[in-house]
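Numbering (our numbering), first residue to last: 4 to 145. Everything below concerns the one structure shown next.
Spelled out as structure tokens, the structure:
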């Protein structure tokens, strides 16, 4: 069941209760089978997510995504999907003070690297065609 937005077999849900990046990822994994902080694989999903934030929150806000710094110039998505799209704020990622290892989306929709311990809103994504690694039909007993 998806209370957020559903596209391409994936549900995206926005949570305004502020959590650190690590706590938000743990929440997504615990609440949803196959859940993670969301990746943003393309511009279409990016626009869907910005609309979701506006709809659920009433305004754009800084929101954790599932991006994590791999090294000085490379990032990964925590759900394992390839890093094939980004939309960084000009001058970002800049790794201020060497401690900005997590990826947020700002109110203007741009990506920013930021300190992982800062609590903020977040988006979980999870596949809706699977349930604990099985097809949906095998998840429920009669």
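Glycine residues also receive a C-beta, built at the ideal position from the N, C-alpha and C atoms.
State the Cα-Cα distance for the pair residue i and residue j, rounded to the nearest angstrom.
i	j	result
residue 74	residue 9	32 Å
residue 131	residue 6	12 Å
residue 120	residue 21	11 Å
residue 2	residue 25	Missing from the structure shown is residue 2; the chain here goes from 4 to 145 and no further.
residue 113	residue 18	19 Å
residue 4	residue 115	31 Å
residue 102	residue 15	28 Å
residue 123	residue 23	6 Å
residue 84	residue 28	15 Å
residue 3	residue 30	For residue 3 there is no data in the structure shown, the boundaries of the chain being 4 and 145.
residue 93	residue 99	14 Å
Would residue i and residue j be called neighbours here (beta carbons separated by less than 9 Å)?
i	j	result
residue 35	residue 129	yes
residue 48	residue 11	yes
residue 126	residue 55	yes
Secondary structure at residue i, three-state DSSP: helix, strand or coil?
i	result
residue 14	strand
residue 111	coil
residue 131	coil
For the pair the segment 59 to 68 and the segment 82 to 97, tell me if three or more CB-CB distances fall below 8 Å.
No, they do not touch.
In chain order, which beta strand (DSSP E) runs of at least 3 residues are fully inside the segment 80 to 109?
DSSP runs (the beta strand (DSSP E)) wholly in the segment 80 to 109: 105 to 108.
Would you check if the segment 68 to 82 and the segment 38 to 46 touch, i.e. whether three or more CB-CB distances between them fall below 8 Å?
Counting Cβ pairs under 8 Å, three or more are found: they touch.
Are there three or more Cβ pairs, one per stretch, closer than 8 Å when the segment 51 to 61 is compared with the segment 100 to 107?
Too few Cβ pairs lie closer than 8 Å, so no.
Within the segment 7 to 58, note down every full beta strand (DSSP E) run reaching 3 residues or more, in order along the chain.
8 to 10, 13 to 22, all fully within the segment 7 to 58.
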